[in-house]
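Enquirer: The numbering of the sequence shown is full-length UniProt numbering, which starts it at 1 and goes up by one.
Even for Gly, the Cβ is constructed at its ideal location relative to N, Cα and C.
Structure in structure tokens, see below.
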Amino acid sequence: SEVPENLERLKVEREPSIDLLEAFVEHWKGITNYYIESTDENTPAKKTDIPWRLKQMLDILVYEEKQQAAAGEAGPCLEYLLQHKILETLCTLGKAEYPPGMRQQVLQFFSKVLAQVQHPLLHYLSVHRPVQKLLRLGGTVPGSLTEKEEVQFTTVLCSKIQQDPALLTYILEGKKTVGRKEASREATALPREAAGIKNEEQPHSKAPDRGAWGARALSTQLPAETEQPDGGTGESNLITSLIGLCKSKVPAGETQGAGAAATYLVQSSPCCPAIVEHLCQLYQSLPSFLDPADIAALEGISWRLPSAPSDEASFPGKETLAAFLGWFDYCDHLITEAHTVVSDALAKSVAEKLFVEILQPQLLHVSEQSVLTSTALLTAMLRQLRSPALLREAVAFLLGSDQQPAAPEDSPHTLGGHLVRHCDHLSDEPPPAPVTNPDGKTAVTEIVNSFLCLVPEEAKTSAFLEETGYDTYVHDAYGLFQECSSRVAPWGWPPAPTPLDPHEPERPFFEGHFLRMLFDRMSRILEQPYSLNLQVTSVLSRLALFPHPLIHEYLLDPYINLAPGCRSLFSVLVRVIGDLMQRIQRVPQFPGKLLLVRRQLMGQVPGEQLDHQTLLQGVVVLEEFCKELAAIAFVKFPPHGPHLRLSEPPEGHV
1 SEVPENLERL
11 KVEREPSIDL
21 LEAFVEHWKG
31 ITNYYIESTD
41 ENTPAKKTDI
51 PWRLKQMLDI
61 LVYEEKQQAA
71 AGEAGPCLEY
81 LLQHKILETL
91 CTLGKAEYPP
101 GMRQQVLQFF
111 SKVLAQVQHP
121 LLHYLSVHRP
131 VQKLLRLGGT
141 VPGSLTEKEE
151 VQFTTVLCSK
161 IQQDPALLTY
171 ILEGKKTVGR
181 KEASREATAL
191 PREAAGIKNE
201 EQPHSKAPDR
211 GAWGARALST
221 QLPAETEQPD
231 GGTGESNLIT
241 SLIGLCKSKV
251 PAGETQGAGA
261 AATYLVQSSP
271 CCPAIVEHLC
281 QLYQSLPSFL
291 DPADIAALEG
301 ISWRLPSAPS
311 DEASFPGKET
321 LAAFLGWFDY
331 CDHLITEAHT
341 VVSDALAKSV
351 AEKLFVEILQ
361 PQLLHVSEQS
371 VLTSTALLTA
381 MLRQLRSPAL
391 LREAVAFLLG
401 SDQQPAAPED
411 SPHTLGGHLV
421 RHCDHLSDEP
431 PPAPVTNPDG
441 KTAVTEIVNS
451 FLCLVPEEAK
461 TSAFLEETGY
471 DTYVHDAYGL
481 FQECSSRVAP
491 WGWPPAPTPL
501 DPHEPERPFF
511 EGHFLRMLFD
521 RMSRILEQPY
531 SLNLQVTSVL
541 SRLALFPHPL
551 IHEYLLDPYI
561 NLAPGCRSLF
571 SVLVRVIGDL
581 MQRIQRVPQF
591 PGKLLLVRRQ
601 LMGQVPGEQL
611 DHQTLLQGVV
621 VLEEFCKELA
631 AIAFVKFPPH
641 GPHLRLSEPP
651 EGHV
């Protein structure tokens, strides 16, 4: 008859004279007898005494280990479990799913034994071989009835590997050479096993031979187990299981490898290809109708919480996009945390398989919609990037390896060059980024006043509405400049321009394809759509915030000496103002219409269509952009220099 669990525990704990091995074998016999005597194939495993007996066996193993006089020695019960290949048999029973739900019970038992028994187990052939087989049974069908137990099982394995990375080879390898090596190690580790259970001098003499029930039970009740320890899928058990469980809603654990284990992962296992293949599959499952604006607006996706935030607006394809960005974030996190050997290999694999083979053809496609969507996806990925290794690969993907300065006659030979050319396309749709507050803001002396006074008084309207003024722009510019400076501090930029080498031959100055495109766009601010002008001025103000002395001088110093045919941001703005003064003469009632357009943009009056509306909106953007640049110049320029007579910076300015 069965003994209640609590009484059985008391029996083990309070009667130390009891023979633990006898009790352990008795419970194992109870499980095996079920397969000999039971005829009911429909009773769930949890309604039989199997779960209780497995629990008693676990308790005995744990208790026995605590009572061991010498730490690290395997007790008789543990030796019995290893010698009689109990885990192998349980794995077979779990695979057969007889009685129904047996696989769940087996997974739980494996997890608890590996987690609670302190004696090293995974290097034994009779342990890691059934572990490999059990891994093959799961991790492939999302939403299965044993998904929770599979996650717990793999989490325990990953925890053990994290404690001792050398164990990784026992989980991943399934080769005959490893089997022979481990068989030899087991013979050394457990000398009593060599004698077999018929040796009357050993405690195993009390243990019944499982052969009597084994052949009969496994031949009559279960399908034949013919898998070899070196099965073809043995190498990727844990990896494929983890990849499969990544689709699970149940949170899983993490693992790292080191040294030889990391090298093995890269050279002898499909770890990196499997992870990147899943990333590529998620990318290719994205619907083609994704709106670039929706892609740009979706933020806050983490691999720990891959589903999209519920407080954001829903759109078609949102969950699929969140799943991809969540897995990309996981890859980036893994590359950051993993061993250098693994992180470098994984970063190169992402660059080759996702960036080059899939993304690049889409970015160079003739279809404008394909270019817009893929550019928005690339932007979303770059926004999430944190790992140095993957960032290096992304930079090489975009800019190539050529470090020579660009020339005006160069045709775009890098992907970045093609993307810059897309920005100057006749179409006025590059993927719209979410509208954010302006980056910059207002000023005081000659340099600051040079920007503030660019727009003539007859083209200014902000003073009439008492909206965001000088002080607010300066405050915003100061905070953004401090943030930008802290981010680029590790890059070691010089505080001042380095003197030109007098021996270096002179060559014509070229601002580069990117700045040329921005300056060309800026020169057309009076004839471009309002939303496009916001994007162009936003990019330029972001660039102006960078504390590099050459960027600073080129974009913010109105007094920079320019060679014939060269231009700076200030010179472009001067030409735009000259064009504006000509156009104003051709617009009747210009001041009143300009004020009305500003009120429309602020949402104060209905947005009715007006003549010259594009021009009027461009003038409003131009006025605000000049205030923005003036503010950035104020917080960046030092209060000294040949042309500078700036007042003191705000309190606390460094």
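(1) Is residue 46 near residue 94, with beta carbons less than 7 Å apart?
(2) Taking a contact to mean a Cβ-Cβ separation below 7 Å, would you say residue 126 touches residue 82 in this structure?
(3) Just to confirm, are residue 534 and residue 544 a CB contact at a threshold of 7 Å?
(4) Indicate whether residue 31 and residue 50 have their beta-carbon atoms separated by less than 7 Å.
(5) Below 7 Å between beta carbons: does that hold for residue 455 and residue 519?
(6) Is it true that the CB of residue 265 sits closer than 7 Å to the CB of residue 350?
(7) Which of the three DSSP states is assigned to residue 133 in this structure?
(8) Return the Cβ separation of residue 58 and residue 106 in integer angstroms, given the expectation that the two are a contact with Cβ distance under 8 Å.
(9) Compare the C-alpha of residue 280 against each of 320, 294 and 300 and name the closest.
(10) My parser needs the alpha helix (DSSP H) runs of 4 or more residues fully inside the region 326-385; what are they?
(11) Put residue 32 into one of helix, strand or coil per three-state DSSP.
(12) Beta-carbon separation of residue 563 and residue 509 under 7 Å?
(13) Pick from 136, 98 and 629: whose alpha carbon is nearest that of residue 42?
(14) Just to confirm my understanding: we take residue 579, look at its own chain, exclude 5 residues before and 5 after, and list those with CB closer than 6 Å. What are they?
(15) Is the beta carbon of residue 53 sitting closer than 7 Å to the one on residue 84?
(16) Quick one: Cα of residue 167 to Cα of residue 160, how far?
(17) Identify, in the order they occur along the chain, each residue of the same chain with its Cβ nearer than 7 Å to the Cβ of residue 503, setting aside the five sequence neighbours on each side.
(18) Determine whether the beta carbon atoms of residue 336 and residue 387 lie at a separation below 7 Å.
(19) Assign residue 419 to one of two classes, buried (16 or more other C-beta atoms within 10 Å of its C-beta) or exposed (fewer than that).
(20) Throw me the rounded Cβ distance for the residue 129 and residue 88 pair, which I believe falls under 8 Å.
(21) Following the continuous alpha helix (DSSP H) through residue 584, name the residue where it begins and the one where it ends.
(22) Inspect the CB distances between the region 621-629 and the region 526-541 and report whether three or more fall short of 8 Å.
(23) CA-CA distance, residue 208 and residue 35?
(24) Do residue 598 and residue 605 come within 7 Å of each other at the CB atom, strictly closer than that value?
(25) Grouping DSSP H, G and I as helix and E and B as strand, with all else coil, what is residue 625?
(26) So for residue 126, helix, strand or coil by DSSP?
(27) What does the Cβ neighbour count give for residue 656, buried or exposed, with the cut at 16 atoms within 10 Å?
(28) Kindly indicate which residue of 568, 559, 108 and 560 has the alpha-carbon position closest to the one of residue 540.
(29) May I have the straight-line CA-CA distance separating residue 393 from residue 359, to the nearest angstrom?
(30) Does the distance from the C-beta atom of residue 74 to that of residue 119 stay below 7 Å?
(31) Starting from the Cα of residue 338, find the closest Cα among 290, 153 and 162 and give me that residue.
(32) Whose C-beta lies closer than 7 Å to the C-beta of residue 552 among residues of the same chain, with five residues either side of it excluded?
(33) Whole angstroms are fine: how far does the CA of residue 421 sit from the CA of residue 626?
(34) List the whole-angstrom C-beta distance separating residue 376 from residue 497, where the pair is believed to meet the contact cut-off of C-beta under 8 Å.
Expert: By the coordinates alone:
(1) Sequence index remark: in the sequence shown, residue 46 carries index 46 (1-based). Sequence index remark: in the sequence shown, residue 94 carries index 94 (1-based). No. Outside cutoff.
(2) Along the sequence shown, read from residue 1 onward, the residue named residue 126 stands at position 126. Along the sequence shown, read from residue 1 onward, the residue named residue 82 stands at position 82. Cβ distance < 7 Å, so residue 126 and residue 82 count as in contact.
(3) In the sequence shown, counting from the first residue as 1, residue 534 sits at position 534. In the sequence shown, counting from the first residue as 1, residue 544 sits at position 544. Contact: no.
(4) As a working note, residue 31 is residue 31 in the sequence shown. As a working note, residue 50 is residue 50 in the sequence shown. It is a contact, given that the beta carbons lie within the stated cut-off.
(5) Counting from 1 along the sequence shown, the entry for residue 455 is found at position 455. Counting from 1 along the sequence shown, the entry for residue 519 is found at position 519. Their beta carbons are not under 7 Å apart, which means residue 455 does not touch residue 519 by this criterion.
(6) Locating residue 350 in the sequence shown gives position 350, where the first residue counts as 1. Locating residue 265 in the sequence shown gives position 265, where the first residue counts as 1. For residue 350 and residue 265, no; Cβs fall outside 7 Å.
(7) Position 133 of the sequence shown holds residue 133. It is helical.
(8) Position 58 of the sequence shown, counted from the first residue, corresponds to residue 58. Position 106 of the sequence shown, counted from the first residue, corresponds to residue 106. Actually they do not touch by this definition, with Cβ atoms about 12 Å apart.
(9) Taking the sequence shown and counting its residues from 1, one reaches residue 280 at position 280. Answer by Cα proximity: 320.
(10) 340-350, 360-363 and 368-384, all fully within the region 326-385.
(11) Start at 1 with the first residue of the sequence shown, and residue 32 comes out as number 32. DSSP places residue 32 in helix when its eight states are reduced to three.
(12) On the sequence shown, position 563 is the one that residue 563 refers to. On the sequence shown, position 509 is the one that residue 509 refers to. Closer than 7 Å, so yes.
(13) In the sequence shown, the residue the question calls residue 42 occupies position 42. Nearest C-alpha to residue 42: 98.
(14) Taking the sequence shown and counting its residues from 1, the one referred to as residue 579 is at position 579. Once the five neighbours on either side are set aside, residue 579 has no close Cβ partner at all.
(15) The residue given as residue 53 occupies position 53 in the sequence shown. The residue given as residue 84 occupies position 84 in the sequence shown. Not a contact, by the Cβ cut-off of 7 Å.
(16) One-based indexing of the sequence shown puts residue 167 at position 167. One-based indexing of the sequence shown puts residue 160 at position 160. Distance between the alpha carbons of residue 167 and residue 160: 8 Å.
(17) Residue numbering aside, residue 503 sits at position 503 when the sequence shown is read from its first letter. Closer than 7 Å at Cβ, skipping near neighbours: no residue.
(18) Locating residue 336 in the sequence shown gives position 336, counting from the first residue. Locating residue 387 in the sequence shown gives position 387, counting from the first residue. It is a contact, given that the beta carbons lie within the stated cut-off.
(19) Taking the first residue of the sequence shown as 1, we reach residue 419 at position 419. Classification for residue 419: buried.
(20) Residue 129 sits at position 129 when you count from the first residue of the sequence shown. Residue 88 sits at position 88 when you count from the first residue of the sequence shown. Indeed, because the Cβ distance is near 7 Å, the residues count as touching under 8 Å.
(21) Here residue 584 refers to the residue found at position 584 of the sequence shown. Residues 569-584.
(22) yes
(23) Residue 208 sits at position 208 when you count from the first residue of the sequence shown. Residue 35 sits at position 35 when you count from the first residue of the sequence shown. Residue placement at residue 208 is poorly supported in this model, since its pLDDT is 38, which falls under 50; the coordinates still yield a value, given next. So the alpha carbons of these two residues sit roughly 17 Å apart.
(24) For the purposes of this step, residue 605 is taken as residue 605 along the sequence shown, with counting starting at 1. For the purposes of this step, residue 598 is taken as residue 598 along the sequence shown, with counting starting at 1. Taking 7 Å as the Cβ cut-off, residue 605 and residue 598 do not qualify as a contacting pair.
(25) As a working mapping, residue 625 is identified with position 625 in the sequence shown. DSSP places residue 625 in helix when its eight states are reduced to three.
(26) For the purposes of this step, residue 126 is taken as residue 126 along the sequence shown, with counting starting at 1. In this structure, DSSP gives residue 126 a helical state, which the three-state scheme calls helix.
(27) Within the shown structure, residues of the chain are numbered from 1 to 654, placing residue 656 beyond reach of any answer.
(28) Counted from its first residue, the sequence shown places residue 540 at position 540. Here the closest residue by C-alpha is 568.
(29) Taking the sequence shown and counting its residues from 1, the one referred to as residue 393 is at position 393. Taking the sequence shown and counting its residues from 1, the one referred to as residue 359 is at position 359. When rounded, the distance between both Cα atoms is 14 Å.
(30) Counting from one through the sequence shown, the residue named residue 74 turns up at place 74. Counting from one through the sequence shown, the residue named residue 119 turns up at place 119. A contact, by the Cβ cut-off of 7 Å.
(31) Stepping through the sequence shown from its first residue, residue 338 is reached at position 338. The shortest C-alpha separation from residue 338 is found at 162.
(32) In the sequence shown, counting from the first residue as 1, residue 552 sits at position 552. Closer than 7 Å at Cβ, skipping near neighbours: 636.
(33) The count along the sequence shown starts at 1 and reaches residue 626 at position 626. The count along the sequence shown starts at 1 and reaches residue 421 at position 421. The straight-line gap from Cα to Cα measures roughly 26 Å.
(34) Residue numbering aside, residue 376 sits at position 376 when the sequence shown is read from its first letter. Residue numbering aside, residue 497 sits at position 497 when the sequence shown is read from its first letter. Their Cβ separation, rounded to whole angstroms, is 36 Å, which puts residue 376 and residue 497 out of contact at 8 Å.
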